[in-house]
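Under my numbering, think of the first position of the sequence shown as 21, with each following residue one higher.
Yeah, the Cβ is synthetic: ideal placement off N, Cα and C, and Gly gets one too.
Everything below concerns the one structure shown next.
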Amino acid sequence: GMVEKKFQIDIDSLIRAMPLEERLYRMRCVEAWSMAVPWTGFAMAELVRLAQPLSSAKYVVMQTFHDKNMARGQKQVWYPWPYTEGLTMSEATNELTFMVTGVYGKPLRKQFGAPLRLAVPWKYGFKSIKSVVKITLTDQEPPTSWNMANAREYGFYSNVNPEVDHPRWSQATERRIGGGLFSRRQPTLMFNGYDKEVASLYEGLDLTKNF
């Protein structure tokens with residue numbers, strides 16, 4: 021690990037140590053639907069600071085719990101378990117990147133990813149990993165679950181980008197959840213509308229190739 025000192029902390033102690041706030045974020049699923057979600061939680065930058073990363077740390081890697089008896093879906097051998105996601109250090113410490121402890125004003129339920137999940141609103145929803153139990157820092161780009169399962173369809177960055185289609189459908193428009201069956205689709209915004217906050221993270225990177 022690329023931290024000053026490894027540590028384990030229970031979720032209640034972690035929540036007490038963090039400055040909790042509420043944030044309303046747009047969420048855009050890779051399957052072209054979207055909604056707005058009021059999360060409770062704390063900036064991931066605070067958690068990174070708590071970990072005291074070494075300067076050589078370039079990526080943050082997160083993993084879910086792994087218990088086939090509790091989560092029967094984890095018996096499916098064609099997916100790489102435990103579910104793993106990663107961010108660059110600059111993404112993880114961006115002010116928008118949020119560790120979530122609650123939703124709609126209540127603590128997270130299991131199906132929402134209790135006790136701790138991620139919210140990165142400028143990326144497709146699957147990057148917002150649920151039920152995080154382990155976080156490590158590394159200097160190598162980590163393999164991530166959907167990228168390992170199907171690299172042609174799911175890149176490491178997975179930024180919302182109307183210009184880059186999923187191989188099986190267009191990403192140019194989206195359907196707002198709750199808008200009714202026949203509601204008009206709306207244009208998808210670059211970085212899901214958060215370009216002012218995050219575009220600078222990708223200067224010099226071709227986002228059509230590094231999707």
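Check                                                                                                        : Outcome
T228 classed as buried or exposed, judged by whether at least 16 other C-beta atoms fall within 10 angstroms : exposed
Boundaries (first-last residue) of the alpha helix (DSSP H) holding A71                                      : 64-71
Per-residue burial, A143 [other beta carbons within 10 Å of its own, 16 or more giving buried]               : The question names Ala, yet the displayed sequence has Lys at residue 143. Answer is buried; the Cβ neighbour count reaches 16.
N- and C-terminal bounds of the alpha helix (DSSP H) containing M109                                         : 109-112
Local conformation of I155 per DSSP, three classes                                                           : strand
Same chain, Cβ closer than 7 Å to R173, five either side skipped, listed in chain order                      : Correcting the residue type first, residue 173 is Glu in the shown sequence and not Arg. Answer for E173: H186, P187, listed in chain order.
Where the beta strand (DSSP E) through R137 begins and ends                                                  : 137-139
Nearest-angstrom Cβ-Cβ length linking A249 and M22, presumed shorter than 8 Å                                : Outside the displayed span of the chain (21 to 231) sits residue 249, for which this structure offers no information.
CB-CB length for L138 against M82, believed under 8 Å                                                        : 7 Å
Continuous alpha helix (DSSP H) stretch holding V218: start and end                                          : 215-218
Alpha carbon of S190 to alpha carbon of V184, nearest angstrom                                               : 8 Å
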